[in-house]
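For the sequence shown, the working numbering gives the first residue as 91, with consecutive numbering after it. First comes the structure, then the notes that go with it.
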Amino acid sequence: MKTQGRRRAPRLAASLGAGLFGGAAAGWLMPVLAPYRHRLGLLLALGMVAAGLGLVPPYLSKLVIDQGLVAGDVQALVRWSAMLFAIGLAAVGMGALNNILHMRASVRMLADLRRVLLDALIARPSHWFGGQRAGELLARIDGDAGEVQQFAFNAVLGGLSAVVRLVGGTVMLMVLNWKLGLLAAMLAPVELLFLAWARPRTERLAGETRTARGHLTAGLAEALHGLPALQISGGTGWARSRSLSDQSELNDRQITQQKWGEFTRAVPQILSALLRAGVFVAGGVMVIRGDWPLGSLIAFIAYMGFMVGPMQSLLGLWHAQARAKVALGRLDMLMAMPARPKAAEVPEGFDLQLENLRFGRDPSRPSGPISGHVPEGTKLALTGPSGSGKTSLLMLLLGRERPLSGHIRLAGLAPDRIAPDALARRIAFVTQRPFTVRASLRDNLFLPRDTPDNAVWEVLDVLDLSTRFRAAEGLDTVLGENGLTLSGGERQRICLARALLRPFDVLILDEALSEVDTETVTRIMAFIDREYPDRTRIVVSHGRLQAFGDFDVTLDLGCPAQ
């Protein structure tokens with residue numbers, strides 16, 4: 091029986107996830123939420139207890155009025171008032187505890203969701219980012235992830251708590267006066283029909299607003315990243331105009347969405363107000379005639395709030411699901427990964443084998459065919475005119491692309507068959523466009539904290555960087571965003587230091603020293619050849635190839651018959 095229960099629980103969770111989020115999204119989202127099921131269970135229990143406590147005060151208020159005030163019984167008045175205070179105090183404490191636990195679980199769940207999305211982006215091939223806008227991706231990881239997480243949390247906690255209050259409130263209405271209770275219950279199907287009619291537009295407006303926000307964020311990110319270039323080229327006016335246009339578009343979408351949201355909230359509230367007025371009139375007449383105690387009427391009105399409020403909350407969650415599905419659809423694009431062969435660890439040895447290899451991003455104009463063998467420890471010059479496929483060949487080597495035909499093998503394996511982490515540990519890749527972040531020099535080298543400082547300074551000395559940073563704050567010197575506080579050559583040499591300070595079997599320099607003077611390039615490459623003679627070194631350079639010293643092999647992609 092226990093085994094059947096364990097099997098039934100995942101199936102139930104999967105069905106619930108598919109119903110709330112859709113089958114495709116639930117496939118990757120539910121594993122993110124699964125570790126929080128125990129915390130959600132605790133919060134759910136606390137929420138249900140709090141909801142149950144909330145049902146008590148209206149009835150105690152009835153007893154205070156009917157058995158205390160109206161009956162003129164001071165002892166009853168004090169007794170029921172004291173109980174009312176105690177229940178209220180317990181509800182306050184329960185609510186505070188629930189809110190604290192809710193926040194702790196909520197922020198951790200959101201962090202895990204963003205981690206999963208970031209991992210999916212990291213696994214994307216580099217050419218995929220060419221068709222994306224960084225700001226748009228940021229809007230999805232930030233805003234869309236927050237929308238999904240908030241709904242995922244509130245749908246479980248808020249929904250079930252609302253059910254408890256709705257059922258409890260409805261039962262108490264029937265206990266106090268079943269005829270008026272049936273009248274109040276008629277409100278539910280009317281509101282349901284209205285919100286069912288309104289839901290499609292809610293979903294459409296949410297999608298338009300999300301898209302507009304993504305455009306604005308993407309445009310601002312591009313403008314800020316390229317602001318120095320825009321200032322020099324006179325493009326700041328254009329960037330400003332585009333940002334204002336994107337902001338205006340977002341404003342229009344947000345205002346339209348807000349108006350529609352107010353309308354969809356106002357209609358149920360008006361219907362509730364009409365119902366409450368009707369109950370006041372009908373119940374008031376009964377009180378005046380002496381057919382119904384005053385306390386019962388007041389309690390009935392209070393319990394109507396327990397029925398109407400939760401009912402509107404549940405219907406509101408239904409509309410929130412429409413917005414969450416829009417956000418999930420945008421996140422699905424990040425999570426929909428192309429199938430990859432099963433990854434394997436890299437065996438010992440790291441020779442490169444090319445067999446009748448054709449490659450490139452445009453199948454109508456492939457590079458190749460290329461055949462050849464590059465033993466481990468070879469110093470290889472990769473040459474060829476612009477557009478000949480040098481970068482594409484490097485992407486094949488890194489497992490980021492696949493060949494159009496033929497084979498490329500590292501240590502006997504296709505690179506895309508090798509686990510990405512394992513490949514990253516074996517290949518050090520330094521590009522022409524250096525990447526730095528606003529952080530200390532130590533952090534920009536991506537080193538473990540236990541890396542000895544003397545090992546770092548030895549490499550910085552070789553790269554002519556030590557004087558520059560010793561005169562500042564050493565390894566704690568903070569680099570500006572995008573390396574704006576550095577020269578182009580300094581940025582390139584920092585990225586080379588980053589590569590040399592980690593273990594590697596293959597070092598790829600893709601125009602990595604294009605902004606460094608010839609004499610320094612010669613000296614740096616001589617050091618690399620001397621210290622790493624048994625490692626494969628691949629150099630890509632459009633000019634000054636002689637500055638890198640002698641090569642064992644030259645692979646010229648301008649002459650494909652290799």
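Here a beta-carbon is modelled for each residue, glycine too, at the ideal position from N, C-alpha and C.
Check                                                                                                                                                                                       : Outcome
At which residues does the alpha helix (DSSP H) containing Ala180 begin and terminate?                                                                                                      : Val164 to Ile212
Around the C-beta of Pro505, are 16 or more other C-beta atoms found within 10 angstroms, so that it is buried, or is it exposed?                                                           : buried
Span of the beta strand (DSSP E) holding Thr608?                                                                                                                                            : No beta strand (DSSP E) contains Thr608, which is instead part of the alpha helix (DSSP H) from Thr608 to Glu621.
Using DSSP with H/G/I as helix, E/B as strand and the rest coil, what is Ser251?                                                                                                            : helix
Under the rule that 16 or more other beta-carbon atoms within 10 Å means buried, what is Asp234, buried or exposed?                                                                         : buried
Could you please give me the residues that DSSP links to Phe219 through a beta bridge?                                                                                                      : Beta-bridge pairing links Phe219 to no other residue.
Quick one: Cα of Arg97 to Cα of Ala180, how far?                                                                                                                                            : At Arg97 the pLDDT is 48, less than 50, meaning the model places this residue with poor confidence; the figure from the coordinates comes in the next sentence. Each residue's Cα considered, the two are about 38 Å apart.
What do you reckon, are the CB atoms on Ala389 and Tyr149 nearer than 8 Å?                                                                                                                  : yes
Express the C-alpha separation of Ala224 and Thr610 in angstroms, rounding to a whole number.                                                                                               : 35 Å
Under three-state DSSP, which class holds Val527?                                                                                                                                           : coil
If you measure between the beta carbons of Thr301 and Arg413, is that distance less than 8 Å?                                                                                               : no
Distance, Cα to Cα, Glu580 vs Leu187?                                                                                                                                                       : 53 Å
Taking the alpha carbon of Glu352 as the point to measure from, which residue in Lys480, Arg448 and Leu285 has its own alpha carbon closest?                                                : Leu285
To the nearest angstrom, how far is it from the Cα of Ala229 to the Cα of Ala135?                                                                                                           : 34 Å
Rounded to whole angstroms, what is the Cα-Cα separation between Leu555 and Val606?                                                                                                         : 12 Å
Would you report the Cα separation of Pro528 and Val464, rounded to the nearest angstrom?                                                                                                   : Checking the sequence shown, residue 528 turns out to be Arg, not Pro. When rounded, the distance between both Cα atoms is 39 Å.
Taking contact to mean at least 3 C-beta pairs separated by less than 8 Å, is the region 492-500 in contact with the region 439-451?                                                        : yes
The alpha helix (DSSP H) with Asn544 in it runs from where to where?                                                                                                                        : Asp543 to Val552
Checking the sheet assignment: what are the DSSP bridge partners for Thr626?                                                                                                                : Val596
Could you give the first and the last residue of the continuous alpha helix (DSSP H) run that contains Pro147?                                                                              : Val146 to Leu153
What separation, rounded to the nearest whole angstrom, lies between the Cα atoms of Ala296 and Arg303?                                                                                     : 11 Å
Quick one: is Arg205 buried, meaning 16 or more other Cβ sit within 10 Å of its Cβ, or exposed?                                                                                             : exposed
In three-state terms, what does DSSP make of Asn446?                                                                                                                                        : strand
Identify, in the order they occur along the chain, each residue of the same chain with its Cβ nearer than 6 Å to the Cβ of Thr644, setting aside the five sequence neighbours on each side. : Ala471
Can you check which of these residues, Val139, Lys469, Arg455 and Met425, is closest to Asp441 by C-alpha distance?                                                                         : Lys469
To which residues of the same chain is Phe641 closer than 6 Å at the C-beta, ignoring the five residues directly before and after it?                                                       : Lys469 and Ala471
With three or more C-beta pairs closer than 8 Å as the rule, is the region 361-378 touching the region 137-144?                                                                             : no
Going straight from the alpha carbon of Lys415 to that of Val357, what length do you get?                                                                                                   : 24 Å
Select from Thr608, Leu590 and Asp600 the residue whose C-alpha is nearest the C-alpha of Arg618.                                                                                           : Reading off the sequence shown, one finds Ile at residue 618, where the question assumed Arg. Among Thr608, Leu590 and Asp600, the Cα nearest to that of Ile618 belongs to Leu590.
If you run the structure through DSSP and keep just helix, strand and coil, what is His128?                                                                                                 : helix
Please confirm whether Gln239 and Met199 have their CB atoms less than 8 Å apart.                                                                                                           : yes
Output yes or no for whether 8 Å exceeds the beta carbon distance between Leu133 and Leu191.                                                                                                : yes
Report the option in Pro524, Asp422 and Leu569 whose CA atom is closest to the CA atom of Leu599.                                                                                           : Pro524
In terms of DSSP beta bridges, what is Ala471 paired with?                                                                                                                                  : Val629 and Thr644
Looking at the unbroken alpha helix (DSSP H) that takes in Val369, where does it start and where does it end?                                                                               : Thr326 to Arg379
Return helix, strand or coil for Val122, following the three-state DSSP convention.                                                                                                         : helix
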